[in-house]
Structures are given as structure tokens and as C-alpha cells.
Amino acid sequence: MIKTSQLTKLVSTNEGELEILKPISFEVKSGQTVAIVGASGSGKSTLLGLLAGLDQVSDGEIFLDGEPLHTMDEEERAQLRGAKVGFIFQSFMLVQSLTAIENVMLPAEIAGFSDAKKQAQNILQQVGLDHRAHHYPNQLSGGEQQRVAIARAFIGKPKILFADEPTGNLDAANSEKIEKLLFKLNKDLGTTLVLVTHDEKLAEHCERQFTMQAGTLSESKNSAPLKQDIA
Amino acid sequence: MSTVSNLAWRLFKHEARRGELTIILAAIILSVAAVLSLSLFSERLQGALTERSASFLAADRQLQARQPLNEKWLSAAREQSLATAQQVQLRSMVFGPREMSLTDLRAVNSDYPLKGNIIVADEPFGEERSVTGVPEPGQAWIDSRLFQLLEVSIGDDIEIGEATFTVSRVLSEIPDAGFSLFSTDPIVLIRQADLEEANITGPGSRVSYKAYFTGEASQLEAYYEWLRPQLNDEIHRWESVQDDQSPIGRSVARAGQYFLLASLLAIVLAAVSIAVAAQRYSHRHYDPVAIMKTLGASKKMIRKVYILQVMFIAILGIIIGIAAGMLIQQAVVSALADRVEVSLSVWHWRPVLIAVFTGVICAVLFSMYPLLRLFSVPPLRVLRRDLDSSLSSRTFQFAISGTAVFVLMWAYSQNLKISAILFVSGIVLVAALIGVTFGLIRLGRWLGSSKMGAWQLAWARIRRRAMDNSVQLISFSITIMLLLIVLVMRNDMIEQWQAQLPEGTPNYFMINITENDRDRVESHFADNDVQIERFYPVVRGRFVSVNGSQVNTEVTKEDDRDEDAEDSQDGLGREANLTWTNQLQKENEVVAGSWHGNNQADESQPYEVSVESEVADRLEIEMGDLLTFDIGSQMVEARVTSLRKVNWQTMQPNFFFILSPAAMTDFTPTYITSFYLPTAQKAELTKLLKPFPAVTLFDVDARINQLRGIVDQVSLAVEFILILVLVAGSLVLIAQVQASMDERQQELAILRTLGAKGRLIRSSVILEFVIIGVVAGFMAALANEFSLYLLQTQLFNMTPSIHFSYWLIAPVTGALVVGALGAIGCWRLLTLNTSDLLRKIM
């Protein structure tokens, strides 16, 4: 589902070019759950941004569901994201001026689905927020907002879901609820999940764990890799 | 509705409901309402003033000719739905039973006047009233002075040419009498049809034929377009109210320019507020755009969604703005109804179109750069909130905004000069402010380096937010500068108007006072407690050569005009009224050479003469030229030793040529003087003048009252416009502070979370705004001087002056207003508890 080869990211600084991702090569099979852990500034989010097609690689190759992300321009990557990728963020990233249901409908509308509203109602029901459908994000608690974000992420039945610290802004009780919901939907829909987290407990729920350190990615030994074909 | 428009509409609806669009909507409403109310009010006021001015022309347009007018032209005008009237004017002797007098004979048809009124009185110099209609056949209405000169009364007969007329009324005023101190003879009004019987328009007579036209402006224009190719510049002259160079005409024109200026400044203010609001709007949508892009939205889709949103906002803003603008101006018109005369027509298309055009252009051009920035927000912002738009060229922003402002000003004013003056002032100000901002940053580095207190926090913020602050400083300064321009222009203009007509301005002129009568007149008037002004000696002289070369002395109709105020532009008569004095008259300024004063002429040197600068230009007279005057067949030579700029708008005798007294010792002059007599004492005039039958009296009381009435009315209207612009400016300042408060929220939340006391935060924010207010106020005061100098010298023909008091007033007011607005904005944020504040910024 995801395959990288010698993936590198350089950024320009006053002192010249800085390599923030050293050549990274790895592969994630369809339906796998993958956690990337690491200290702040280690390059986790940069890697996530590249894998999700939010940023342009400096060198190397990325294939997402067989599509060469590294050769695509901004518009092609946006099209690919709309068709195959879902996102969940630490700060929820909901559009503040849209209600919960409208936020959930957004990806479906962008993709041009005619039944966006119906789909959104269904999935909001699945995350237990159908009664809050017409509330604005600032009228919802942090946990509720993240559930809306999860509903939004799954509405288009994405093949791959990227989650950036999905429980980072939540208390323990809400974190647990979100965690369960995330993995349940992931399992039900057979989505490949790549999540970046500090939360070791959350990372342990994933089949594979990678550690990012100073731009280098390494897979943990206790990771239960490739062999297990969930999909 | 398509997905895109659906999404755009939904975003718009929710944002409007949640008050997120308040600022940008308010900016558009403000711009449309300000422009509409200002231009609508100014249009209605101008309409009334033009109508009033038209009454001095007796029509909307006038065609003057030195030969009879083609009857086809008049029929064509009537066919084009224009109203017409005619007048034949000539100087003619009128005979009473015992006396005779040269008069200004006006023979009119029954449609005269098309605008304005004929004013009559029941007795000479008696109480005046307006009448409709013209004299009956065989009757004449004659000037008050003629009763005195011809020794006639109402009902007596007078003879004009071969016809006899019965004097049936005292004529006080006709609309287009004109005012020329030296050449105006008393007017006699008769019917045009009676002229044939009088038989006085034969060859050799100097007759002026006038046709009057009124109608819709477009019809008049169309008619003139048709007529123009058939006119001969040598014979015909087409006049409109706009060509009126009288003091009233000039005051109205100047007021019109002021309204135009104020409206232009309102447009710039509106533009600034929209630019600020659009920037804030764009900034607030960085996250939604990044989210939509992340979720797969193409750039095209984002563009459509936001352009549609801006359209919805603009449409709503324009609709509300038009309603608000109509209400504001109607409220003002009602409030001023008994003091200011405005056109009765409430609906004028032009201001509405201008307001809509302004709203659209402002919304489109000023939101273009912020929108372009918005479109280029990278999707990666969802992971890295610090990522901003990839488009960050301020030069591009300034170029678009500058072009938009200039295009708007030019399109609206259709006056390149006024647009260029304001625009160049703006550019100079912006350049200076950028320099000052960076100076401030350096200063801040030094001042903000000690222990952290409110003062240090304020300076640290100014330093850190250098670019944002420079934009803010520029917008504050421009706003304050525009307000200053409107305020100071209004003060200067009203001051100069009032200086022209102070209380006690002479309202009567006496001419033809002989040398013998001079002292008697003075003492007789003094005995009657009437103060007489200065006596001016006058002799008529023919200007015959320059440096020995003959000038054309052929007398033409134009040459008949003399040099007092109103007709000055029409050409100098080769026979001129010459005066002599050592003392420079007031409102005369020597612009070249030096005033001859008490110079004692060396006998070997020619005498000295001072020439009015415009006539010197026209007749190509230069400093040092030797002019020759033929005075009663005696030649007098005088060297041009000074050129004078004369304010023709003053109600005093002014002269093209003023000689040194030594030149005129051999000549016996007559004198001109003036005096002030309150209108209530008008009846005493007959008694005052009785001992001096040879003296001719000019009554300009009515004209002065008319002029004063217009000046008062225009002043009041100017006050209103000032208030409206001040309100607009204040709203812009509020919008600016509000916008910058958003950006400060995060910092305030962090400081609050870290335990900073509300007082420290409040003081530092207030100090920051006070510093910005002081700098903006001071820079605005400097830029104001620059702009005013250009405006007053290049456009308003006013005497420029420096306004030092505003160098202090502007920074202090800037500090107070901007500081207070900052305090209010800050207070609003600090009333939230820390968690709410944090929630607000997340």
C-alpha cells in the first residue's frame, strides 16, 4: 500500500541545506496498522506529510497504492488524497464555521458524492454523535471534536488513514474512547493506518512500530510485521 | 446548486450568522454608505447650488452673439424639448423730460428669464420683491438710479430712440445683470418686440444678442454638440454655469472640488478598511483552505469557493450599504432642511452607480492579494501551523492596492490632477513610514532591552511584529492624514471665504465723484455716521504701445469690458481705467519686481507702473517693458516695475494698471469709493446722495447677501461632510485595531497563561498602540502639509499655509484615539478567562 525508496527531505536554512530525513526505505502492506514514534523534532510529522502527499519529496520515491507520489504535482496529489487518503490531526482541524455534519460531509462533497449528507449522518451515528450533528466545533468537547474528525476521515472509505497524534489533545478517558473507535473503524473498513504518536500505549496497539530518530527511521524489534496479512 | 456554490453559500451563511463576517461586511457597508451618502448629498447640494448659479445666467446655458441669432437654432432647441428665451442688449441713450442718460438697455421676450427672478421695488432703492413676467408693450422698468438721473417718477414717459415708453416699475435686479463697476450703466428693461419701433439697432450700434436655454443636462449637451460646428468663435460665445467666474461661481466651484476631495478621501478610507478587513478575512481562512486541500480539494475548487464567498459578501455589503447611505443622507438633509437648500430630487443614479462601483472594485481589488495568498496556503499547514502562504510579496500587494486606489480616484473624479496629488502624497507617506518603522525597530531594540515591564513588552512587540506594524502604521497614518486633509481644508476654505466678506463689507459703491465733491462727500457721510472707505482716483486712458510698438487699439465688443472683478478674464479694453497710489491695495500681492511705493522718480527715468499679472500674461507685457497710455491726447510713458496677483473675488475696486502718483499729477481724476450701510437703513440712501447728483451709486447689497448666503450654506454642508468623513475614519481605525487584536490574541493568551497580570498586559498593549498612534499622527501631520500644499496651490487656488498646531494635535489625538481603541480591544480580550482565551486561539 505504501512503499518508499531512499526517501529524503532537505530544507534550506541560512547555513545551507539541512537533511531532515535521511534516506528512508520501507513498505507497508494494505490493511496494516503502523505507529511512528519519536522525540519532538525527530522528523515524524515531516515523514507523515511526505507519505500523505502533503509535501514534496527532495529525493527518492514514494508509491501510494501503486501511484508514484514523488512524480505528481500539487493538483495530482490533492486528487489522490481526495480519492484514497483520510486524515486525523492532534488539533482536530475542523472548519470552525461549519457544523459537525458539514465538516463530515466536506471530503465527500469535494469528491463530488451526491449522497454526502446521508453518508455523513450514517457515520456520525457510528461515532455516536448524531445528536450533535448541527453543533459548531467550538460547541463540542475535545473528545467530540476528535470523533467528528474521525467520522470525516472515514466518510470516503479511504484506503489509507494518516493520524497525527490523534489523542495528543485529549484526557485519558477520551483518549481511550478515540483509540477504540479508531481501531474499530479501521478494522471494519480494512483501512491501512499510519499514525504518529508519543503515546506508547497507542503505538502498542499497532502491528508495527517504527522509531524516528534524527531523521532516521528504524523498525522496533517487537513489531509484528508484514507476515500478518490483516487485509 | 453545484457542490462548490453549495459549499460557498454554506460557509457564507454560517460565517454571517456567527458574526465572523462583521468586519469585512462592515468595511464594505461603510465604503458604500459613505460614498453614496457623500456623493448623493453633494449631488443634491450641487444641484441646488447650480440651480442658484443658473439664476445668475438666467438659464442653464446662454448663447451670446454680436449679430442676430439664427432663428433656426432656436426652433431646433425647442424641437429638442429645450426651453428658450431671448434678449437683445445694447447701450443706449434714454431721454427723460429734462435729463438724459446712457443706459444698459435690455429688450427681452416674454419667456425671459428661464432661471432666476426679476426683482422690482415700489420706489427707488425701496423694498425689493420678485415678479413674474416682463414689461407690457410700451412700458419700461428702469433702474433706481435712473429715477435720480432722469428726474422721473413712476408713470412718466421716457424716450428710447424713436419710441416712447411709460415707466411702470422700479427695476432692482435682473438675473444676468452682471456686475461691472466701471462700465455698468443703469438698466432699462423693455419688450423685445418694442425694439423695432425704437429703431436703435441699426449699423454701427453695438448690440449683443443672447439666447437662453434650459433643459436636461444630456439634452443641453446634445444640442450644443449639434450647434457647436455652426458657431463662429469670433461672434458667438456659449456659456454654462460652470463657466461662471464670478465670486459666487468660484465659491460654488471650490465647494464642488471640496466635496469631490472629501468623497475621494472617503473612498480611500473605505479602501483602507476593506484592505485591512480582507487581510484579516484571508488570514482567518488559512486553516480551512489547508484542510480542504488536504481533503483533496483542487486549487480551482478553492478559488471558486472563495471568489463566490467574496461575491456574496460584496453583494450583501453593497445592498446594506446603499440602504444605509440613503438613510444617512436623508437624515442629514432633514436635519439641515431649514438651513441648507438641496435639490428636491431624491434619487440620483450617478451616486448609486459610483457607490456600487466602489463596493465592487474595493471588494475585488483589495481582496485580490489576500485571496491570492489564501489560495497559496500549503496543505502541509495542517501539520505545521507555522506555515504561512507561499505568496508573500508586499510589493505586489502595494502595487495592486495602489493601482486600485488610483483607478478608483481617477474614475470617480475624472480629474487626473486631484487623483495624482493624493496618490503621490500617499506614496511619499508610505515610503517615509517604511523608513520610520525600521527606525522604530532599531529604537525598540535599544529601549526594549532592559528588565521586562509594560514599556519593554510594548517595544518588544513593535520590534517583533515589524512588518505587521509597518502595515498598521501606514494604514493608521493614511487614515489620520486623510482626516486632517478634510478638516484643515475645511477650516482654511471657510476662513478664506469669510475673509472675503467680513461683517461690514462695503455694499454700495460711488463713482464719478469729482475732485470738488470729494471732501464734501466725505464730510456729508461722516455727518450721517456712514464710514467711507478709501477714495481711488481714476482717469480713462488708452493703452497704445509697448516698448514703442503700437498695440491694436481697435475697439471691439470685448474691449468694452473693464477691469473690475467679474469680467477680468474676457480681455482688456485698450481703454483702461488708470489709478495711481503709493499704497498697495489689500488682496494684491507683488509677484515680480517691487512695489513702487514712495519711490521718487528721477526725472530722466520714466514713471513706474504695476500691472496685474494675468493681464500681463495675456498682453505679453514683461517686467521692464515701457508702456504708453494716451490720456486725453497726452502721452504718458511708464516702466513696468512690478506685477501683481490680484484676488478678484474681493468686493473692492481692482485695477490692471496702477501708476506711481508722480505720473498723474497733470490729470484731474474722478474718484471711486465705497461704504457700508446696513440693509435696514437703505431708505437713507436718497438723503445721503441728494447733495451729489453727479455721483453714480451702485448697490451691491443684494449680491453680497446672495454670496454670503451661498457661502454660509456651503460652509454648513462642508461641516456635515467633515463629520461624515470623521465618522468613516473612526470606523476604519476601529476596524484596524480590531484586526490587529486578533493577531495579538495568541500572545495575550500565552502571557496570561504564564501568569502575567492583566494590568501589565493592558499597559503594554495600550503603550504599544499609543506609540503607534503618536508616530502615525506625527507622520500624518507631515504628510498632510505636503498634500495640502499641493492641493491648495494646484487645485483650489488658495494661499497655502503651514499648520504647526496640527503637528502637535495629530500625534496627541492619534495617541489618545488609537490608545483608547487598543485599550477597549484589549479589555474585551482580558475579560475572558484564560481557558476561554486559549480555546479562542486554537
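As they're listed, the protein sequences go chains Z and D. The opening residue of the first sequence carries number 20 in our numbering; numbering runs sequentially from there. The opening residue of the second sequence carries number 132 in our numbering; numbering runs sequentially from there. We put the beta carbon where it would ideally sit given N, CA and C, even for glycine. In this text the structure is predicted, and so the values were computed from the model without any measurement.
For residue i, which residues in chain D fall below 8 Å Cβ to Cβ?
i: Z:A102; result: G427
i: Z:F106; result: T425, L426 and V513
i: Z:L73; result: T425, P509, P510, L511, V513 and L514
i: Z:S64; result: L514 and R515
Output needed for residue i: all residues of its chain with C-beta closer than 7 Å, excluding positions within five of it in sequence on either side, in chain order.
i: Z:G161; result: N188, L189 and N193
i: D:T134; result: none
i: D:T799; result: E646
i: D:V420; result: I433, L505 and V508
i: D:Q440; result: A139, L142 and F143
i: Z:Q208; result: Correcting the residue identity first, residue 208 of chain Z is Leu in this sequence and not Gln. Hits under 7 Å: F173 and K176.
Within the continuous beta strand (DSSP E) that includes residue i, where are the two ends?
i: D:A252; result: I249 to A252
i: D:K341; result: V338 to T345
i: D:H145; result: From DSSP, D:H145 is part of no beta strand (DSSP E) but of the alpha helix (DSSP H) over T134 to R148.
i: Z:G60; result: Per DSSP, Z:G60 belongs to no beta strand (DSSP E) and is neither H nor E.
i: D:F788; result: F788 to L790
i: D:E739; result: Y738 to E743
i: D:V262; result: E259 to V262
i: D:G672; result: Y667 to V677
i: D:Q217; result: A214 to F226
Which two residues bound the contiguous alpha helix (DSSP H) that contains residue i?
i: D:Q923; result: G889 to Q925
i: Z:D207; result: A191 to L208
i: Z:Q228; result: Note, Z:Q228: premise wrong, no alpha helix (DSSP H); beta strand (DSSP E) at R227 to Q232.
i: D:D658; result: E646 to D658
i: D:P482; result: W480 to F506
i: D:L205; result: E202 to E210
i: D:M423; result: Y417 to T425
i: D:P824; result: D:P824 -> no alpha helix (DSSP H), and no H or E assigned at all.
Which chain Z residues are close to residue i, counting only those with a beta carbon under 8 Å from its beta carbon?
i: D:M929; result: The contacting residues do not exist; D:M929 stays about 52 Å from chain Z at best.
i: D:R149; result: S116 and Y155
i: D:L519; result: A small correction: the amino acid at residue 519 of chain D is Asp; Leu does not occupy that position in the sequence shown. Those within 8 Å of D:D519 in chain Z number zero; the least Cβ separation is about 15 Å.
i: D:M432; result: I129
i: D:R141; result: L117 and E121
Just confirm the distance between the C-beta atoms of residue i and residue j, as a whole number of angstroms; I'd bet it's less than 8 Å.
i: D:G427; j: Z:P126; result: 7 Å
i: Z:S40; j: Z:L70; result: First, the amino acid is wrong: residue 40 of chain Z is Leu here, not Ser. With a Cβ gap of about 11 Å, Z:L40 and Z:L70 do not count as contacting.
i: Z:V76; j: Z:R227; result: With a Cβ gap of about 22 Å, Z:V76 and Z:R227 do not count as contacting.
i: D:A409; j: D:S608; result: That belief does not hold up - the Cβ atoms of D:A409 and D:S608 are roughly 19 Å apart, past 8 Å.
i: D:S918; j: D:I616; result: 6 Å
Report the neighbours of residue i on chain D: residues whose CB is nearer than 7 Å to its CB, in chain order.
i: Z:P126; result: L426 and G427
i: Z:E94; result: S429 and K430
i: Z:M91; result: What Z:M91 touches in chain D: nothing, since even the nearest Cβ is about 13 Å away.
Residue i touches chain D at which residues, Cβ-Cβ below 9 Å?
i: Z:D183; result: V513 and L514
i: Z:L67; result: L514
i: Z:Q98; result: G427 and S429
Which same chain residues, not among the five before or five after residue i, have their C-beta less than 6 Å away from its C-beta?
i: D:G860; result: L400, T610 and L614
i: D:L816; result: F256
i: D:E370; result: Q193
i: D:I331; result: S223 and G292
i: D:A238; result: V219, I321, Q323 and L326
i: D:V686; result: Interpretation of D:V686 is limited by its pLDDT of 38, a score under 50 that renders its predicted location unreliable; the figure taken from the coordinates is listed afterwards. Counting only Cβ-Cβ distances below 6 Å, and skipping sequence neighbours, we find nothing.
i: Z:K63; result: I55, G57, V215 and M231
Among residues of its own chain, excluding the 5 on either side of residue i, which ones have a beta-carbon nearer than 8 Å to its beta-carbon?
i: Z:A130; result: G101, A102 and G175
i: D:W958; result: R893
Residues of chain Z with CB closer than 7 Å to the CB of residue i, please, in chain order.
i: D:T134; result: E128 and G131
i: D:L138; result: E128
i: D:P419; result: V114
- Pairing CB atoms from the segment 43 to 60 of chain Z with CB atoms from the segment 101 to 116 of chain Z, are three or more of them under 8 Å? no
- Message: When you compare the segment 229 to 236 of chain D with the segment 388 to 401 of chain D, are there three or more beta-carbon pairs, one atom per stretch, that lie closer than 8 Å?
- Response: no
- Query: Can you find at least 3 beta carbon pairs, one from the segment 761 to 781 of chain D and one from the segment 806 to 818 of chain D, that sit closer than 8 Å?
  - Reply: no
- Query: Can we say the segment 240 to 247 of chain D touches the segment 388 to 395 of chain D, given the rule of at least three CB pairs closer than 8 Å?
  - Reply: no
- Message: Using a Cβ distance threshold of 8 Å, determine whether the segment 288 to 303 of chain D contacts the segment 157 to 172 of chain D, with at least three qualifying pairs required.
- Response: no
- Item | Given 8 Å, three or more beta-carbon pairs between the segment 350 to 366 of chain D and the segment 208 to 217 of chain D | yes
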